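See below for the structure under consideration.
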Amino acid sequence: MIKFIIRIFKRFAWFKRLNAKVTYELLAKKIPAEEWQFMNYGYVPNDNEKPFDLPLPPETQRYSLQMYHYLASKKEIEGKHVLEVGSGRGGGAKHVAGVLKPTSYVGLDLAQSAVDLANKIHKLPNLQFIQGSAESIPLEDNTIDVVLNVESCHAYGSVDNFLSEVKRVLKPGGFLLLVDFRSVENMDLLKKQLANSGLKLLEEENISQNVVQAMEAEDDVKQERIKKLVPERWQKLFAEFAGVVGSRLHTNLIKGDRLYYRFVLQKAG
């Protein structure tokens, strides 16, 4: 009954906004662990993508980091002004800002506790995290070269508002790099929203199997991290949220009932 009620309420923009804010505020407050810096489901690169050889500490969430690396590598980042909308715990921002060398990288997140955590554990001269809404980005017009959005916009009250704001803050010729998952029906809706955004679609790729491979490759480590960091009474629920092998998302991605896509869009120059 509760699940049915929540499913009904998720149709309303105000509930989606509230649900996202409460969820990620609590996660940052209750699990402020430095070894959990990413919240995406991970990515195994295609054969035609340049191997990722940077040495990483063993506790790093390598596959989740790869999601950022290969998305950000779609366009030139070095020397650019980058905005990430929905930066979460900041691990992806730290990687891109440090390795791909943008002039500046701003991580924007709705949850103040996530912003506070990210500013505490990620220190780079070109990196900062600020609180704000994806639907009302607190930056000036035409100031950003590249916007990143990683597994985030499915939780927004209005994707159309988000895309309008992205178009506003991007410089002419700037890029939106986006990855996210949806049901088949809602992925069709997202594609329509992107088509109507005023941004030009340059690339569209179904990366569902890349994500499934990452889920399966990292499952043992993820299960151990959940046991270590999450209170026992919440572990089953969190394992579902985290996309462990056998979770609903993992199963639905394999069956094709859910899709995970990567998009590259550009503002007219």
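So the number in this note's numbering is just where the residue sits in the sequence shown, counting from 1, plus 107. Note that the Cβ used here is the ideal one computed from N, Cα and C, for glycine as well. Values in this document were obtained by computation on a predicted structure and should not be read as measured data.
Let me check understanding here. Comparing Cα to Cα, which of the options lies closest to residue i?
i, options, result
"Asp160", "Tyr177, Asn359, Leu360, Ala241", "Tyr177"
"Arg332", "Glu242, Glu166, Asn153", "Glu166"
"Gly195", "Phe145, Phe345, Leu336", "Phe145"
"Val279", "Ala262, Tyr212, Ala221, Leu306", "In the sequence as displayed, the identity of residue 279 is Pro instead of Val. When each option's Cα is compared against that of Pro279, the closest is Leu306."
"Arg169", "His202, Glu156, Leu190, Lys157", "His202"
"Gln330", "Leu163, Gly353, His229", "Gly353"
"Ser259", "Asn147, Val189, Glu141, Leu172", "Asn147"
"Leu301", "Lys374, Gly363, Asp252", "Lys374"
"Asp154", "Glu311, Glu292, Ala179, Asn317", "Asn317"
"Thr250", "Glu156, Lys362, Lys343, Leu190", "Leu190"
"His261", "Tyr367, Ile361, Val151, Gly376", "Tyr367"
"Ala179", "Leu283, Leu217, Leu231, Gln219", "Leu283"
"Gly363", "Pro152, Val222, Phe288", "Phe288"
"Leu231", "Gly199, Leu285, Gln219", "Gly199"
"Tyr175", "Glu339, Val286, Lys298", "Val286"
"Gln173", "Val151, Lys157, Glu156", "Val151"
Considering just the uninterrupted stretch of the beta strand (DSSP E) at residue i, what are its terminal residues?
i, result
"Asn256", "251-257"
"Leu309", "307-313"
"Arg340", "Neither: Arg340 is in no beta strand (DSSP E) and is coded neither H nor E."
"Tyr367", "365-373"
Can you give me the start and stop residues for the alpha helix (DSSP H) that residue i sits inside?
i, result
"Asp326", "326-336"
"Ser243", "Segment: none, Ser243 is in no alpha helix (DSSP H) and carries neither H nor E."
"Lys278", "Unbroken run through Lys278 is the beta strand (DSSP E), 277-290; no alpha helix (DSSP H)."
"Asn303", "Unbroken run through Asn303: none, as it is neither H nor E."
"His357", "355-362"
Determine whether the beta carbon atoms of residue i and residue j lie at a separation below 7 Å.
i, j, result
"Val266", "Val254", "no"
"Ser290", "Arg365", "yes"
"Val209", "Lys187", "First, the amino acid is wrong: residue 209 is Pro here, not Val. The answer is yes: Cβ separation under 7 Å."
"Ile244", "Val276", "yes"
"Asn268", "Val192", "no"
"Ser315", "Leu270", "no"
"Asn226", "Ala204", "no"
"Tyr212", "Ala241", "no"
"Glu142", "Ile228", "no"
"Gly281", "Asp252", "yes"
"Val371", "Glu292", "no"
"Ile184", "Leu163", "no"
"Asn215", "Gly239", "Checking the sequence, you will find Leu at residue 215 rather than Asn. Contact: yes."
"Gly197", "Ser171", "no"
"Phe345", "Val337", "yes"
"Val319", "Ile361", "yes"
Original post:
At what residue ranges does the segment 143-194 contain a whole run of the alpha helix (DSSP H), taking only runs of 4 or more?
Top reply: 169-179
Original post:
Does the segment 349-357 come close enough to the segment 319-331 that 3 or more CB-CB pairs lie under 8 Å?
Top reply: yes
**OP:** Ignoring anything shorter than 3 residues or poking outside the segment 186-239, list the beta strand (DSSP E) runs there in chain order.
**Re:** 188-192, 211-216, 234-238
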